[in-house]
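Trainee: The structure is given below, and queries will be raised subsequently.
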Amino acid sequence: MKKAELKEFLDEKVILYNNPKFIDSDPIQIPHLFSKKEDIEIAGFLTAIISWGNRTMIIRNAHKMMELLDNSPHDFILNHQEKDLKHLEGFVHRTFNYIDFQQFIKSLQHIYLQHGGLEQALSIKDGSKTYQTAINNFKTLFFEVDHQTRTQKHISDPLKNSAAKRINMFLRWMVRNDQAGVDFGIWKTHNSAHLSCPLDVHSGNVARKLKLLLRKQNDWKAVAELDKNLRSLDASDPVKYDFALFGLGVFEKF
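Dropping the structure here:
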């Protein structure tokens, strides 16, 4: 497929999948329950962090997370006391358990009180055109507070060649303003041109079939290769093609 044909094909798939109907089957429905900026971003962050495995289970457990935070995540994170964290005991999503959940609450409080919130903490500060170092810096800030080593694995590090799929998905949700009401676009200090595609099994397989990706592993080197090719199709909004790649893989078994 020639580049112009590929772009036309993928643009059509973006239109097909980047619409409000997509929300009903996707974990992005969880932050859509809220209207306050901080609630949206915290709900989105926690949902993204547990977004691996069965999507029905992800959505169910993300709902459970919000209920445990009194359906007011920002208020809970800022004002919780140690005894409030006891209520989280028993929560588990695959390898993310209540110990990790409690730690994330403490770390998020630290991010909001000491580092200006998630939008500021995840911003690109070195002039680069991707979030590779920004995510690495964020992980450092996140674990400045006392924590158990086990919890560190739940935030990926692109500088260690992780594809950081869940953080990249969360960034897409927050940064990209899609006009269709799916992605939020509430982080006005960030730039959609710097976003990377959340690379998983589905998007990776489709990208390889379309010759957008040659690298076999789903790691940061693959993300960088896919970035380059998607940005050549749309430099200002490259991750809109996540909808196309994901939709082709999940819904069309491309």
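Position 109 (the sequence shown) corresponds to 108 in numbering that gives the first Met the number 0; numbering is contiguous.
The beta carbon of each residue, even a glycine, is placed where N, CA and C say it ideally should be.
Predicted model only: the values in this text are computed from it and were never measured.
1. Could you name the residues of the same chain whose beta carbon sits closer than 6 Å to that of K239, not counting the 5 residues immediately before and after it, in chain order?
2. Here's a check: name, in chain order, each residue in its chain whose Cβ is nearer than 6 Å to the Cβ of F242, leaving out the five neighbours to either side.
3. Do T46 and P30 have their CB atoms nearer than 8 Å?
4. For V91, which three-state DSSP category applies?
5. On the CB-based measure, 16 or more other CB atoms within 10 Å of its CB, does P19 come out buried or exposed?
6. Which residues mark the beginning and the end of the alpha helix (DSSP H) in which N204 is found?
7. Just to confirm, are K36 and I166 a CB contact at a threshold of 8 Å?
8. Between D199 and K164, how many whole angstroms is the CB-CB distance? I'm expecting something under 8 Å.
9. Within the same chain, show all residues whose beta-carbon is closer than 7 Å to that of Q147, passing over the 5 residues directly before and after it, in chain order.
10. Based on Cα-Cα distance, which residue from T55, M56 and L84 lies nearest to D69?
11. Measuring CA to CA, which of F95, L244 and R207 is closest to E11?
12. Please state if the CB of D218 and the CB of S161 are separated by a distance shorter than 8 Å.
13. Any idea if G246 is buried or exposed, counting beta-carbon neighbours within 10 angstroms, 16 or more meaning buried?
14. Helix or strand or just coil, what does DSSP make of N96?
15. Is D241 close to chain C? Criterion is C-beta to C-beta, closer than 8 Å.
16. Indicate the three-state DSSP secondary structure (helix, strand or coil) for L45 in the structure shown.
Mentor: Once the coordinates are examined:
1. V13
2. V13, Y16 and N17
3. yes
4. strand
5. exposed
6. V200 to K208
7. no
8. 5 Å
9. I98 and Q102
10. Considering only alpha carbons, the answer is L84.
11. L244
12. yes
13. buried
14. The three-state reading of DSSP puts N96 in strand, counting E and B together.
15. Within the model displayed, chain C is absent; a lone protein chain is all it includes.
16. helix
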